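In our numbering, the protein residues as written are 33 to 402. Backbone N, C-alpha and C define an ideal beta-carbon position, used for all residues, glycine too. Just so we're clear, the structure is a prediction, and the values are computed from it rather than from any experiment. Notes to accompany the following structure.
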């Protein structure tokens with residue numbers, strides 16, 4: 033295999049196309065991708081993410097069960113076949129093959145495999161290796177839970193929360209660029225599916241996390257059933273990305289090019305377009321928050337001044353601003369003119385009074401009358 037003897041924590045960006053295709057096929061065997069089917073732009077962000085994660089863990093390589101790609105892919109294969117197996121049983125099975133390696137090292141390797149493969153950060157209680165990242169959530173993987181149960185759990189909770197959400201229709205302006213321009217949201221790209229569409233920050237300083245790797249969702253969606261990630265969840269997530277990044281929209285294309293993110297995949301899958309909030313279950317609660325923010329009143333003065341959704345209100349505000357500005361300038365000019373006139377009148381009055389004083393019969397005022 034082209035990945036034989038390749039170090040796990042080496043720079044993955046140095047891999048050639050053959051090695052990258054081998055890696056993709058190892059993660060998603062059903063794709064059977066060849067070099068002619070490989071599009072670099074679609075996988076640039078994904079390989080960049082994998083490279084960043086592995087580079088950050090390089091100083092901690094000794095704490096993992098394997099430091100070779102072959103070893104990691106063997107773990108991945110066993111995870112795929114054991115997706116319905118409880119975690120404690122999985123670790124026990126791994127330990128039989130790696131008798132000289134401790135439970136912690138095995139658990140760390142298993143969780144890293146899940147992170148790279150599924151795009152969800154799982155963590156055992158009291159177990160963490162590597163640098164901590166801000167604004168990244170983790171899903172607790174209990175010993176008595178299977179991987180499939182662990183992956184589905186947080187999204188099932190989201191679905192329960194969504195039942196009380198209000199129903200709104202989506203219009204063409206409800207895009208990531210629209211949210212950025214109208215609501216002044218800062219877009220944060222996340223590699224963790226559990227953080228997709230999560231809002232951070234307070235009024236006027238809000239940030240929105242959006243899952244970055246659409247290609248991963250599509251690759252998982254092409255997997256033969258039963259899938260590890262629920263099919264409906266994959267469909268909904270892809271649908272949210274299609275909604276926020278509509279194909280053919282020029283501002284969206286400019287934004288994605290600037291961010292160097294690929295959301296328009298060549299060999300994608302056909303999913304019906306969502307037209308209302310009621311089309312969603314898993315992401316309905318978070319979409320409801322975004323819609324309330326999008327259609328709600330502006331949160332800051334700057335947002336109020338730049339909000340063009342209500343043309344009449346927008347025009348009224350700016351006419352008022354320019355009117356006040358014009359009147360301020362006008363009154364300032366008039367005040368200056370009249371001040372100058374008052375000065376001239378005062379000078380003339382002074383001269384007149386002085387002339388009258390000098391014409392009197394009494395002795396002239398020294399220093400004033402000549």
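Cβ-Cβ distances below 7 Å link residue 112 to nothing in the same chain once the five nearest sequence neighbours on each side are left out.
Between the C-alpha atoms of residue 123 and residue 157 there is a straight-line separation of about 15 Å.
Just measuring C-alpha positions, the residue of 142, 84, 50 and 213 sitting nearest residue 165 is 84. Positions of the beta strand (DSSP E) runs, each at least 3 residues long and wholly inside the stretch 230 to 298, are given as 239 to 243 in order along the chain. Partner residues in the beta bridge of residue 221, as assigned by DSSP, are 242.
For residue 118, the secondary structure class from DSSP, reduced to helix, strand or coil, is strand. In the three-state reduction of the DSSP assignment, residue 44 falls in the helix class. In the DSSP assignment, residue 178 forms a beta bridge with 118. Straight-line measurement puts the Cα of residue 178 at about 43 Å from the Cα of residue 283.
Contact check for residue 222 against residue 205 fails: the beta carbons are separated by 7 Å or more. The alpha carbon of residue 303 has as its nearest neighbour, out of 264, 319 and 152, the alpha carbon of 264.
With respect to the C-alpha of residue 131, the residue from 98, 319 and 146 having the closest C-alpha is 98. Between the alpha carbons of residue 227 and residue 361 lies a gap of roughly 51 Å. At a Cβ-Cβ threshold of 7 Å, residue 208 and residue 276 count as neighbours. With a contact defined as Cβ atoms closer than 8 Å, residue 183 and residue 261 qualify at about 6 Å.
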